[in-house]
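Written out below as structure tokens is the structure these notes cover.
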Amino acid sequence: MIHLNNLCKTFGGRVAVDNITLHVPPGEIYGLLGHNGAGKSTAIGMMLGQVWPTSGEVQICGFDVTADRKHALRKVGAIFESPAFYDYLTGLKNLEILSAYTAPTPRRRIQEVIEWVGLSGREDSKVRTYSHGMRARLALAQALLPQPELLILDEPSDGLDPEGIHEMRQTIQRLHRELRLTILLSSHLLNEVEQLCTRIAVLNQGRMVFQGSLAQTRQREKWVRLKVGDFASAARELRAAQLIKDQRDGQFVALNENVGTDQVVRLLVGQGMSVYEIAPEEETLERFYLGLMSEGKEIN
Amino acid sequence: MLYQHLRNELWKLFGKKRTYIGFGAFLLAQNGMLLVFRFTHWQRQVEQLLDGNGYLAQDYISALTVAVLMLFPQILLLMPLYAALVGGDLVAKEAEDGTLRMILARPISRFQLLLAKWLAGVIFCAVLVAVLGGTALLFARIWFPWRNMFVYAPGMVFNVLGASEGLKLYLFSHVFLTINASVILGLAFMFSCFNMKPAAATILSLSFLFLNLVLESIPFFEQYHEWLLPYHFRIWIFIYTQPLPWARMAESSSVLLAFGATTFLIGAAGFQARDIKS
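Written out as structure tokens, the structure is:
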């Protein structure tokens, strides 16, 4: 659905996106993670033909965005952080105007979408009277009007209260389930990405530092919680035996490749140490993400 | 599709209160000028001018005469200001508000979008000029009778006309005023296509016009007047001369239309090349 090949973008001398290659298959909820200024919005801008790539190729729905934007974006809807509308016009008029940039949309279809997003009864009010949550729903409505196959969401929960974030999350799941949309979700809310996405890409200072499934993020490093009488001595013994490569927080050890917890227990018991508990610790996305970011800092 | 986009642009343009500030200012200025004309020595000066040239002043101090007199300061000051304000807003305000990013997430070409916006701007100019001319005549008619017309602009026109012929020429002159307003709007529109604030686009275009006026007033540039915009903007007043200077009118119209097309194309090229970011 989305293919970015060796995509680069520089603004003056500053590299915003550095040689990104990304493939989003149909039917996925794909997360684009990264800190502020990591290049997520620039990458999305290039996907939508708003930002010209310095080099590389962007294909959406099989069409090159730079060369054939009209066909590439025909089945695409997008929502941006803090969606902007013509505040002095009604919600309905805003939808009519924005949808007409794709194709003239029958009034019946607009009403259907208004109902779907839960704005019925307020469509004839001026947008300036809308709450933040209602504006988010209106943004969703305008994105759904062209009957998209791909939805690009750039920080959709930005500025929403916890209730609004929860509602947005449920809506995204509903969109995926009921309308079978492919969704690209850009966010720095790790919790949101963890709950919604099946695959993620992580950007750090314009570079892609990870691309894969959420399951892969959990398997990347094998941490084990170890409760023993003297953790420091146990860790020293395990390192000497080359069973672990790292330790942290006085209770976690990172096992070396192909090392099982049974080997750890056997060694410690053999050394006369008491082992009270040993259990694999599942890596959270947050820890994984922070690990990637600190690796990036070390490289720089 | 262009028709649909144009309709949308007109909705956006005429849907906001900001657009009507210009109309309101015109109404205030017109009534103020009428009072000044009626109750100061301005009217007496015009009467003396007519009497001095052998015309009976009471036959020519009419609604049409006063309406044209009222047009001069408004065309010099208010019309450029409001045309430039709206032109500067057309693209830059949407970019500033973030709605441009919403539009350009859709499969519309940037050129088509700009063309619709520019056409909406030209329609705004036509409406602005029509309202300006219509209300000037209406308010003048409230205070003055419907009689013959006298048009005087130092160094350009001194003419007296019958009421019906005067009205025809009055209407005809508004076609050229619309061209003038569209050129000013197009200039601000061009700047607004680049990455700048709406106010900056308006100020740049007004500065350009002001520079033209300053250059025109410097004796050294006398032989280069044809290269400056105000020389061509004045064709609307030459409508009232007899015989009509068709060659001058054709020349100035062509220059203004070419200038308008050039500013549009420069703006379109700049807009096509720029990155739209939040």
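So the sequence lines, in the order shown, correspond to chains F and A.
So my numbering is basically just the index in the first sequence, starting at one, shifted up by 75.
So my numbering is basically just the index in the second sequence, starting at one, shifted up by 11.
Where a beta carbon is used, it is the ideal one built from N, C-alpha and C, also for glycine.
Remember, predicted model here, so these are calculated numbers, not experimental data.
Does any residue of chain F have a CB that is nearer than 7 Å to the CB of residue i?
i: Leu220/A; result: no
i: Ile32/A; result: no
i: Ile86/A; result: no
i: Gly26/A; result: yes
i: Asp70/A; result: no
i: Ile287/A; result: yes
i: Gln15/A; result: yes
i: Asn19/A; result: yes
i: Lys179/A; result: no
i: Lys208/A; result: no
Shorter than 6 Å, the distance from the beta carbon of residue i to the closest heavy atom of the ligand MG, or not?
i: Val334/F; result: Questions concerning the ligand MG fall outside what the structure shown contains, since it holds no ligand whatsoever.
For residue i, decide whether its Cβ has a neighbour in chain A, counting only Cβ atoms nearer than 7 Å.
i: Ala315/F; result: no
i: Glu373/F; result: Confidence at Glu373/F is low in this model, with a pLDDT of 47, below 50, so its placement is unreliable and no value can be given for it.
i: Lys150/F; result: no
i: Ile172/F; result: yes
i: Lys145/F; result: yes
i: Tyr105/F; result: no
i: Tyr161/F; result: yes
i: His175/F; result: As written in the sequence, residue 175/F is Ala, which differs from the His given in the question. At least one chain A Cβ lies under 7 Å of Ala175/F.
i: Ala142/F; result: no
i: Leu164/F; result: yes
i: Ala211/F; result: no
i: Ala216/F; result: no
i: Ala153/F; result: yes
Hey, how far is the Cα of residue i from the Cα of residue j?
i: Met113/A; j: Ile154/F; result: 8 Å
i: Leu111/A; j: Phe275/A; result: 18 Å
i: Gln291/F; j: Leu365/F; result: 15 Å
i: Ile250/A; j: Ile134/A; result: 22 Å
i: Lys84/F; j: Ile77/F; result: 17 Å
i: Ala307/F; j: Ser349/F; result: 13 Å
i: Leu125/A; j: Ala279/A; result: 7 Å
i: Val186/A; j: Asn206/A; result: 32 Å
i: Tyr71/A; j: Gln59/A; result: 12 Å
i: Gln283/A; j: Arg282/F; result: 27 Å
i: Gly287/F; j: Leu259/F; result: 14 Å
i: Ile374/F; j: Leu220/A; result: Residue placement at Ile374/F cannot be trusted, given a pLDDT of 43 that sits under 50; what the coordinates show is reported in the next sentence. For Ile374/F and Leu220/A, the distance between alpha carbons rounds to 55 Å.
i: Asp62/A; j: Gly35/A; result: 36 Å
i: Ala270/A; j: Pro181/F; result: Rather than Ala, the amino acid found at residue 270/A in this sequence is Phe. Taking the straight line joining both Cα atoms gives about 40 Å.
i: Val162/A; j: Trp53/A; result: 15 Å
i: His146/F; j: Phe138/F; result: 7 Å
i: Pro104/A; j: Phe202/A; result: The question names Pro, but residue 104/A is Lys in the sequence shown. Each residue's Cα considered, the two are about 12 Å apart.
i: Val340/F; j: Asp324/F; result: 19 Å
i: Pro241/A; j: Met260/A; result: 13 Å
Tell me residue i's beta-bridge partners as DSSP assigns them.
i: Glu262/A; result: Partner(s): none; Glu262/A has no beta bridge.
i: Gln134/F; result: His78/F and Asp139/F
i: Cys83/F; result: Ser130/F
i: Asp321/F; result: Ala329/F
i: His98/F; result: His78/F
i: Lys302/F; result: Glu352/F
i: Leu89/F; result: Here residue 89/F turns out to be Arg, not Leu, going by the sequence shown. DSSP, once it has assigned bridges, lists Phe86/F as partnering Arg89/F.
i: Tyr105/F; result: Leu259/F and Arg274/F
i: Val186/A; result: In DSSP, Val186/A forms no bridge with anything.
i: Leu172/A; result: Met160/A
Notebook entry, point to check: Closer than 8 Å, Cβ to any Cβ of chain A: which residues of the segment 177-190 of chain F, in chain order?
Noted result: Thr177 and Pro179
- prompt: Using a beta-carbon distance cut-off of less than 8 Å, what residues from the segment 120-133 of chain F approach chain A?
  reply: Result list: Gly120, Leu123, Gly124, Gln125, Val126 and Trp127.
**Prompt:** When you check each C-beta in the segment 100-120 of chain A against every C-beta of chain F, which residues fall closer than 8 Å?
**Reply:** Asp108, Gly109, Thr110, Arg112, Met113, Ile114, Leu115, Ala116, Arg117, Pro118, Ile119 and Ser120
* Closer than 7 Å, Cβ to Cβ, to anything on chain F: give me those residues from the segment 190-205 of chain A, in chain order. => none
Exercise for review: For the segment 136-169 of chain A, list the beta strand (DSSP E) runs that are entirely contained and at least 3 residues long, ordered along the chain.
Suggested key: Listed in chain order, they are 160-164.
Self-check item: Residues in the segment 269-299 of chain F having any Cβ partner in chain A nearer than 7 Å
Solution: none
message = As an exercise, report each continuous alpha helix (DSSP H) stretch of at least 4 residues that is fully enclosed by the segment 231-296 of chain F, in chain order.
response = 237-253, 265-271 and 289-294
* Ordered list of beta strand (DSSP E) runs contained in the segment 326-364 of chain F, each at least 3 residues -> Qualifying beta strand (DSSP E) stretches, in chain order: 327-330 and 350-356.
Notebook entry, point to check: What residues in the segment 122-136 of chain A have a beta carbon less than 7 Å from any beta carbon of chain F?
Noted result: Within the segment 122-136 of chain A, no residue has a Cβ that lies closer than 7 Å to any Cβ of chain F.
Can you pull out the residues from the segment 81-112 of chain F whose beta carbon lies closer than 8 Å to at least one beta carbon of chain A? Taking 8 Å as the upper bound on Cβ-Cβ separation, chain A lies near residues Phe86 of the segment 81-112 of chain F.
Can you list, in chain order, the stretches of the alpha helix (DSSP H) that have 4 or more residues and sit fully within the segment 149-231 of chain F?
-> Considered as a whole, the segment 149-231 of chain F harbours 166-175, 182-192 and 207-219 as its complete alpha helix (DSSP H) runs of no fewer than 4 residues, in chain order.
Members of the segment 229-258 of chain A near chain F, C-beta cut-off 9 Å:
none
Could you name the residues of the segment 156-171 of chain A whose beta carbon sits closer than 8 Å to any beta carbon of chain F, in the order they occur along the chain?
none
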